[in-house]
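Let me begin by presenting the structure, written as structure tokens, before commenting on it.
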Amino acid sequence: MSKFVRAAKVSDIPPGERHWVDFEEETVVIFNVDGQFYCIADVCTHDGGPLEDGRLIGCTIECPRHGAHFDLRTGAALSFPAVTPVPVYQVKVDGEDIYVESPDE
Ligand code: FES
Numbered sequence: 047m048s049k050f051v052r053a054a055k056v057s058d059i060p061p062g063e064r065h066w067v068d069f070e071e072e073t074v075v076i077f078n079v080d081g082q083f084y085c086i087a088d089v090c091t092h093d094g095g096p097l098e099d100g101r102l103i104g105c106t107i108e109c110p111r112h113g114a115h116f117d118l119r120t121g122a123a124l125s126f127p128a129v130t131p132v133p134v135y136q137v138k139v140d141g142e143d144i145y146v147e148s149p150d151e
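FYI, the numbering for the sequence shown is 47 to 151, going by the numbering used here.
Below is the structure:
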């Protein structure tokens, strides 16, 4: 069973913005896309580069290193050079609090 951890406040992540959370296992990034929150691991599956500063295009993040695209909803690799999905974590919003599924479980 997944364990959810309070990671941020809704007001911390306005639409179009992102927020990093360090877990023991890995760092994750929460994105706000038009009021919907998505959470992925902060690691590109092509060569391990961080996705944190990648360009956000709708529900897609572009890796700043070699340009691979990932779907924030599913983690799917949408373009080369990445072919493996990036881990995604569930997000729950309860009032002003954002909870994410912990990668440590
Ligand atoms: S490290 Fe992301 S595309 Fe190469």
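Glycine included, each C-beta is placed from N, C-alpha and C at the ideal position.
All values derive from a computational prediction rather than experimental measurement.
To which residues does DSSP link residue i through a beta bridge?
| i | result |
| --- | --- |
| Phe-116 | Ile-107 and Ala-123 |
| Glu-147 | Phe-50 |
| Val-79 | Gln-82 |
| His-65 | Ile-76 |
| Val-139 | Ile-144 |
Measuring only the C-alpha atoms, how far is residue i from residue j?
| i | j | result |
| --- | --- | --- |
| Gln-82 | Glu-71 | 25 Å |
| Val-132 | Ala-87 | 7 Å |
| Asp-140 | Asn-78 | 15 Å |
| Ala-128 | Gly-100 | 14 Å |
| Asp-143 | Leu-97 | 24 Å |
| Cys-85 | Cys-109 | 15 Å |
| Pro-149 | Phe-126 | 26 Å |
| Leu-102 | Asp-117 | 10 Å |
| Cys-105 | Asp-68 | 22 Å |
| Glu-63 | Ile-76 | 9 Å |
| Thr-73 | Gly-94 | 12 Å |
Could you check how far apart the C-beta atoms of residue i and residue j are, in whole angstroms? I think they sit under 8 Å.
| i | j | result |
| --- | --- | --- |
| Cys-90 | Arg-119 | Not really, about 17 Å apart at Cβ, beyond 8 Å. |
| His-92 | Ala-114 | 5 Å |
| Val-137 | Val-51 | Going by Cβ atoms, the distance from Val-137 to Val-51 rounds to 11 Å, so no, they are not a contact pair. |
For review: beta carbons within less than 5 Å of any heavy atom in the ligand FES: Answer in sequence order: Cys-90, His-92, Asp-93, Gly-95, Cys-109, Arg-111, His-112 and Ala-114.
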